[in-house]
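The opening residue of the sequence shown carries number 14 in the working numbering; numbering runs sequentially from there. No residue lacks a Cβ here, since even glycine has one placed at the ideal position from N, Cα and C.
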Amino acid sequence: MELGALVCTAKGERCEPCPLRDRCAWRLAGKPEHTGPPRRAQTYAGTDRQVRGKLLAVLREALEPVPQAALDRVWHDPAQRARALDGLVADGLVEPLENGRYRLPGHRSFPPHQPR
């Protein structure tokens, strides 16, 4: 059971259903307020997630396979762009084709990739 995600969340604890309520140090201390630094939210800008989303957007809008050059225009950092594209291929979300073209899986009107 994931207590931190389901029972004892940052927005409100639910002590009654918690199997650890009798041993919970925070509850036994009187439920003190958090005095540490605020938790920083994860940023999205500049992450591999953002690059993956931009690559997928190009592929979703395409009516035919997309050449590598079109994907290269999506993001300025070639290493990060390549890492994101490789991850999408590994996750089965993008299908590589011949001649450096890509498509979303399921577009069977395009010829499939032929291994050499």
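- Approximately 5 Å separates the beta-carbon atoms of alanine 97 and arginine 65; this is inside 8 Å, confirming the contact.
- Of the candidates His89, Leu72, Arg86, the residue whose Cα lies closest to the Cα of leucine 110 is Leu72.
- Ranked by Cα distance from glutamate 74, the options Pro91, Arg116, Arg27 are led by Arg116.
- Shown here, glutamate 74 sits in a helix according to DSSP, grouped into three states.
- Taking all protein chains in view, the Cβ of arginine 53 is surrounded by fewer than 16 other Cβ atoms within 10 Å, so the residue is classified as exposed.
- Taking a 10 Å sphere around the C-beta of leucine 68, we find 16 or more other C-beta atoms and assign the residue as buried.
- Using a Cβ distance threshold of 8 Å, aspartate 61 and glycine 100 count as a contacting pair.
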